[in-house]
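Just so you know, the sequences run in chain order A and B.
Its first residue numbered 70, the first sequence is counted upward by one per residue in my numbering.
Its first residue numbered 70, the second sequence is counted upward by one per residue in my numbering.
Backbone N, C-alpha and C fix where the C-beta goes; we use that ideal spot for every residue, glycine too.
This report refers to the structure that appears directly beneath it.
Number of protein chains: 2
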Amino acid sequence: MTTQERAAAAKQAMEELRAFLRERVTSSQAVREHHSRGEDTLPAAPPDLVCFPQSTEEVSSIVRIAAAHQLAIVPFGSGTSLEGHVQAIHGGICIDMMRMNRVLRIGAEDMDATVEAGVTRGQLEKALANTGLTLFIDPGADASLGGMTSTAASGTTAVRYGTMRENVLGLKVVLADGRVIHTGTRARKSSAGYDLTHLFVGAEGTLGVITEITLRLHAQPEAASVAIAGFPSIQAAIDTVIEVIQLGVNPARIEFLDEEMVRAINRFSAIGLAECPTILFEFHGVSVANVTESATMAEELCNAHGCSSFEQQSNLADRERLWKAHHDAYFAARALRPGSGVIISDACVPLSRLAECIVATRADLDRERFPAVILGHVGDGNFHVLSLPSEEELPEAGAFAHRLVQRALGMGGTCSGEHGVGLGKKKYLEAEHGEALSVMRAIKQALDPVNRMNPGKILDLTTGN
Amino acid sequence: MTTQERAAAAKQAMEELRAFLRERVTSSQAVREHHSRGEDTLPAAPPDLVCFPQSTEEVSSIVRIAAAHQLAIVPFGSGTSLEGHVQAIHGGICIDMMRMNRVLRIGAEDMDATVEAGVTRGQLEKALANTGLTLFIDPGADASLGGMTSTAASGTTAVRYGTMRENVLGLKVVLADGRVIHTGTRARKSSAGYDLTHLFVGAEGTLGVITEITLRLHAQPEAASVAIAGFPSIQAAIDTVIEVIQLGVNPARIEFLDEEMVRAINRFSAIGLAECPTILFEFHGVSVANVTESATMAEELCNAHGCSSFEQQSNLADRERLWKAHHDAYFAARALRPGSGVIISDACVPLSRLAECIVATRADLDRERFPAVILGHVGDGNFHVLSLPSEEELPEAGAFAHRLVQRALGMGGTCSGEHGVGLGKKKYLEAEHGEALSVMRAIKQALDPVNRMNPGKILDLTTGN
């Protein structure tokens, strides 16, 4: 399709869309630019049109119209993608899901909820107030649940409560031809046929547009406490993490901060942490006694690994202050070099290789000119590097990020622990998946034969990836 | 393909297979009959040949030879299928996986293991002795892990530790054309591309032959105890289960037995349980204090629902005696009517509908002439009916099983909680999945275009299901 043909198709589609979306479809440049990228550093690419549907039926109609005019579809949530998931690299129609923001059902006895895809984590938490239930998935951003589903997001609490993969029970999805399907049931488990739910979780909109999500919820813990442990080395910190998990302590959070990250947080949040490799624990339990027991066991293991300080905080204000400072790590890192962009890497390796991987990564960073900090959800073997290169250091930062992925893959890990593939990680899928990539292509071809659903994300359908 | 053509194809394939399998391929009638069914009550259907490969490469060669001669492939594990997964309804080559029984790797720090598909649960547990690790999935039978993966099996401990879906981290799979892929990585989570692991879990061999499985393991609990609670009604028992889960007590097992089941177990195992609706709890924790606290909380909730007896047993011998009696429920049921076959149903509904579903099912059974008992993994909303019809009552038992599925589907549940679809549940997939069934068909067609992999199981590729 030439640029002119695409413009003509978009114009025709616009007329048909306006018939039922009215002012909820636009080709205004400002709106298109707002929908041309996420929070990544990849080049922006605006769609031709942006729609704001309010129902699955409207999404289905949009997709049918896109099909009739051979236009691409790009779903858009809160715009917090870090890997170029929402760039409309082939133009087409962006479906902004954020007006599909109703919590449709909360099942107290079933401990589940059904939401529209544009509901954010924060909106769901508000709706769950006073139910004693929560969705324990915290990727940092107040992302839409559709986006979190599409990238298989996780975050700090996955070590105990799982990622989106473990917490999505069912979906409503609009397919490439506009048909609407539901996947899963409201039962908590099933062996009845192919697991389509898990196929769409993490598919980044390339197989269909997710419009509704049924989520598993968890009981709010009766008691909780946090602990801050400082270590003489990265190795000692990670060895402790492994033993805490092996012993079945089952913390709700185990977050690692390297010395540079701690220093940045201290400067930004004035929280006065000891400046050394640090583990933040959170323990959940049915009682204070229960939580204290977990913390005591963790403390013993920390001490056995030469922990220099183990500080428990069980009152809510202290806990919130600590996690607020942790949440602000991104801003703390930015403050290390005001005006610089931040490149966020996302590696995940087997726990047995994690210490080695972080140590090698820190040594690698120490040879670079740009500042960088390391933090991670180490109970899952997942960590991030926040790099702050100047404009002219960008190529070096890119080369570092590439080496990090190679290192993770070399250790049996993955190129993306929780941020997804988008455009940014496509080039690594061949190395990670080998021949299995051809199976992914076959599935994409079966469900989206003309490559209209978020085309060019995760994989290409032409030769090579 | 006519019967004669198939016989000729099998003969040719036999020659080619013998070249590398030698005596590990056979067309002997005894072996073919042994591989003609599982433990289900569906008609037997023997394959033309049975192979006993010892490596993924051999499986790949077998599949290539089957492809060249247009013969079907049916993978076969421990033969404990309850839904007709292994009947060779189109003949062809049965691949008995039980000589692929090596535990390839145990990762103590990563808490995972990689096994060949023919390793049974029991063999893995033996290999894990003294590691402090275990696979907490207990479907009753000493099934092969390949079979358990292929049916997304679960059992008594899924309420705390998850089903095979949550515990399979990666797979090695032989595709329909003989290519070998691996899915997943050794990292504990990933957002890198489509989730092929979950696609093959539960696919019952219809998309490929699983030859290796990487499994998540769990720490053996430091302390454990069981409790037996008797209730005045099914409703009271299930209401208690819901509250125990809502409170975050997180038991390792919550098994329901109806009054008839308790009576049968008492008679068979002389265990002296009070004959009323009963819940068996097992609690796991990091210490005796921890486990006692869980049991106390459960006891309070039981009492609030009119529990007539709550008996804790924390010594190992008592616990083992209880679970042995529970495991023998099948034999206890059979003893109700010696010589009769047992039809095992497998329904799973949202917890909020579970009491209603079991009460209605019991009332339904009470109108039948054949004896039947109910037991279930009620923390997941999953329960089984063991029916013992005489030869002439078989049609009534079938009609009952059909009503049970309809009831479960009507309550937002699934036709199969953990036994799979095979031949037995195919007819319900349209009602359960609707349009999504066409997506399952599209995936089957993409991965197995000539319908050679366990053909006729889960779905048919012709019109209708």
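Contact with chain A by residue i, beta-carbon distance below 9 Å
{"i": "LYS494(B)", "result": "yes"}
{"i": "ARG257(B)", "result": "yes"}
{"i": "PRO122(B)", "result": "no"}
{"i": "GLY533(B)", "result": "A caution first: GLY533(B) carries a pLDDT of 39, below 50, which makes its placement in the model too unreliable to give a value."}
{"i": "GLY107(B)", "result": "no"}
{"i": "ALA198(B)", "result": "no"}
{"i": "ASP529(B)", "result": "no"}
{"i": "GLY153(B)", "result": "no"}
{"i": "GLY467(B)", "result": "no"}
{"i": "SER260(B)", "result": "yes"}
{"i": "HIS251(B)", "result": "yes"}
{"i": "ASN540(B)", "result": "In the structure displayed, chain B extends from 70 to 534; residue 540(B) sits before or after that span and is not available."}
{"i": "LEU276(B)", "result": "yes"}
C-beta contact flag for residue i and residue j at 9 Å
{"i": "ASP397(B)", "j": "PHE350(B)", "result": "no"}
{"i": "CYS376(A)", "j": "PHE452(A)", "result": "no"}
{"i": "GLN382(A)", "j": "LEU370(A)", "result": "no"}
{"i": "GLY146(B)", "j": "GLY215(B)", "result": "yes"}
{"i": "HIS488(B)", "j": "SER150(B)", "result": "yes"}
{"i": "MET480(B)", "j": "GLU425(B)", "result": "yes"}
{"i": "PRO320(B)", "j": "SER378(B)", "result": "no"}
{"i": "LEU276(B)", "j": "ALA298(B)", "result": "no"}
{"i": "ALA198(B)", "j": "THR283(B)", "result": "no"}
{"i": "VAL454(A)", "j": "LEU423(A)", "result": "no"}
{"i": "GLY271(B)", "j": "MET233(B)", "result": "yes"}
{"i": "SER260(A)", "j": "SER485(B)", "result": "yes"}
{"i": "GLU281(B)", "j": "THR125(B)", "result": "yes"}
Identity of the residues DSSP links to residue i by a beta bridge
{"i": "VAL408(A)", "result": "Note on identity: in this sequence residue 408(A) is Gly, with Val being the wrong assignment. Answer is none; GLY408(A) lacks a bridge partner."}
{"i": "ARG174(B)", "result": "THR183(B)"}
{"i": "ASN451(B)", "result": "CYS417(B), HIS446(B)"}
{"i": "MET233(B)", "result": "Looking at the DSSP assignment, MET233(B) forms no beta bridge with any residue, so it has no partner."}
{"i": "ALA441(A)", "result": "SER456(A)"}
{"i": "THR252(A)", "result": "LEU240(A)"}
{"i": "SER363(B)", "result": "Answer is none; SER363(B) lacks a bridge partner."}
{"i": "SER378(A)", "result": "GLY299(A)"}
{"i": "GLU351(A)", "result": "VAL295(A), ARG322(A)"}
{"i": "LEU478(A)", "result": "Partner(s): none; LEU478(A) has no beta bridge."}
{"i": "THR203(B)", "result": "HIS287(B)"}
{"i": "GLU499(B)", "result": "Note: GLU499(B) sits in no beta bridge, so no partner."}
Beta carbon proximity, residue i to chain B, threshold 9 Å
{"i": "ARG234(A)", "result": "yes"}
{"i": "CYS484(A)", "result": "yes"}
{"i": "ALA364(A)", "result": "no"}
{"i": "ARG248(A)", "result": "yes"}
{"i": "SER376(A)", "result": "A small correction: the amino acid at residue 376(A) is Cys; Ser does not occupy that position in the sequence shown. False, the Cβ-Cβ gap to chain B never drops below 9 Å."}
{"i": "ASN451(A)", "result": "yes"}
{"i": "LEU385(A)", "result": "no"}
{"i": "LYS513(A)", "result": "yes"}
{"i": "LEU473(A)", "result": "no"}
{"i": "VAL508(A)", "result": "yes"}
{"i": "ILE303(A)", "result": "no"}
{"i": "ASN520(A)", "result": "no"}
{"i": "HIS104(A)", "result": "no"}
{"i": "VAL128(A)", "result": "no"}
{"i": "TYR230(A)", "result": "no"}
>> By the 9 Å beta-carbon criterion, what residues does the stretch 278-301 of chain A contribute toward chain B?
In response: Cβ contacts with chain B: HIS287, ALA288, GLN289, PRO290, GLU291.
>> Ignoring anything shorter than 3 residues, give me the beta strand (DSSP E) runs that lie fully in the stretch 283-345 of chain A, in order along the chain.
In response: 292-299, 322-326
> Which ranges does the alpha helix (DSSP H) cover as unbroken runs of at least 4 residues, wholly within the stretch 90-171 of chain B, from first to last along the chain?
Replying inline: 98-103, 125-137
> Of the residues that make up the stretch 170-193 of chain B, which ones have a beta carbon closer than 9 Å to any beta carbon in chain A?
Replying inline: GLY176, ALA177, GLU178, ASP179, MET180, ASP181
> Given a limit of 9 Å on CB to CB distance, which residues of the stretch 199-224 of chain B reach chain A?
Replying inline: GLY201, LEU202, THR220, ALA221, ALA222, SER223
> Can you list, in chain order, the residues of the stretch 262-274 of chain B whose Cβ is nearer than 7 Å to any Cβ on chain A?
Replying inline: GLY262, TYR263, ASP264, LEU265, HIS267, LEU268, VAL270, GLY271, ALA272
> For the stretch 313-343 of chain A, which residues have a CB atom closer than 9 Å to at least one CB atom of chain B, in sequence order?
Replying inline: ILE314, GLN315, LEU316, GLY317, VAL318, ASN319
>> Give me the subset of the stretch 136-167 of chain A whose CB atoms are less than 8 Å from a CB atom of chain B, sorted by chain position.
In response: none
>> Please list, in chain order, the residues of the stretch 406-434 of chain B that have any C-beta partner in chain A closer than 7 Å.
In response: CYS417, VAL418, PRO419, LEU420, SER421
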